[in-house]
Every structure is written in C-alpha cells, then in structure tokens.
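In terms of our numbering, the sequence shown opens at residue 1457 and continues consecutively.
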Amino acid sequence: MDPRIGRRPRRAVFVGERSTMSSADIRLLADWDLAAAPERVWEALMRPAEWPQWWPTVTRAVVLAPGDASGVGARLAFEWRTALPVRLAFEVLTTRVEPLALIGGEASGALTGRGAWLIRPTGSGTRVRYDWTMTVSAPGMRLAAPLARKAFAWNHAAAMRQGRDGLARRLGCA
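Given below as structure tokens:
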C-alpha cells in the first residue's frame, strides 16, 4: 500500500507510507525529504532523549544505557501517544550505527521487532527512510492486528507526519 499521505508543497516533504502486514506482523516504511544537511538530521535522530521536544507523538524518551562511543548498545525507553486512543510503551536497543547513514535497533514491549533510520544526502537536503518491521505484542492489539491493518498504517503515518513536521521546525526548514 502506498497512499501518499500528507503531500503538500513544503520544504519538508512526506514522500510516502507503505505497509505490509501478516497476522500480527507489521512492516511500515516512511520517507521524509528535509531541506537540511544530513549532519543536522543525523544529530537530531541520534539524540532520542530530545525527541519529545519536537515530536508530539513521543511523550517520553529516556536513555537507560548510553551504549558505546558510536551509540551501539544504547537502551532507550519510549512512550508514544498515537492518533488512535492508544499509548505505547517499549524499549529499543541500538544494534547498528553507520555514521550519517544508518541507525538500527530492536524493540521490545508493546511492540517488538526491528527498525532502521536510513539517511542519505539529496540535491536539496536529506532523504530519511524509516523502515520498521514489528510484531504487535500487546494482547488486545495483537488480536486486532489482522482486522485493523489500515488503522495501524494510518496511525503510523500520522505519527510519522508529526515527526517529520516537528523535525523540520526544529531544523528551521519547515
């Protein structure tokens, strides 16, 4: 599915959202185009404890362990308030960092799975792709997953739009 949600003539562009799901497994992709240097985008993404300052959906982000000098091994606790009447709490372990290119992690809690931020320069700034493959592990949400695929994809798209817009404002490219 590629609904092209949120397209508008802005310097920060939400390029698309695609999802594939089987049973309680969910894969969501979001692409952002930001008119900011990759270094600035990277710096903001590498400071998840500050995400609640610019990403309204993220209500809490706490560094439980800092990881090594590159960030690998960092453990983070997140709480997200979604557009649906759902609050999600989960932890993320950073498993891979390629400076200015990739941040990978594994989530556990209400959501379990793997995700990656992919960053690349473009002629006008930076393209960010968020690739998230997860299993819904909260019992009520797990039961609803096969029936609520579109709602989950819509909810994720709404959260990602807020993140894109918040990051664009923070970087001064909104």
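A virtual CB, placed ideally from N, CA and C, is assigned to each residue, including glycine.
Taking Val1518 and Trp1507 to be in contact with their CB atoms under 8 Å, please state how far apart those CB atoms are, rounded to whole angstroms. Not confirmed; about 11 Å, so no contact.
DSSP-derived helix/strand/coil call for Ala1566: Of the three classes helix, strand and coil, the one that applies to Ala1566 here is coil, per DSSP.
Taking only beta-carbon atoms, is Met1502 less than 8 Å away from chain C? Reference to chain C is not applicable here, since this structure consists of a single protein chain.
Check this for me: beta carbons of Leu1520 and Ala1533, under 8 Å apart or not? Contact flag set, yes.
Just list the residues that DSSP pairs Ala1521 with in beta bridges. Arg1531
What do you reckon, are the CB atoms on Gly1569 and Thr1591 nearer than 8 Å? yes
Can you find the residues in the same chain that come closer than 6 Å, C-beta to C-beta, to Gly1581, ignoring five residues on each side of it along the sequence? Leu1490, Ala1491 and Ala1492
Could you give the first and the last residue of the continuous beta strand (DSSP E) run that contains Trp1488? Asp1481 to Leu1490
Could you name the residues that DSSP lists as bridge partners for Phe1546? Per DSSP, the beta-bridge partners of Phe1546 are Phe1534 and Gly1565.
For Arg1496, does the three-state DSSP call read helix, strand or coil? helix
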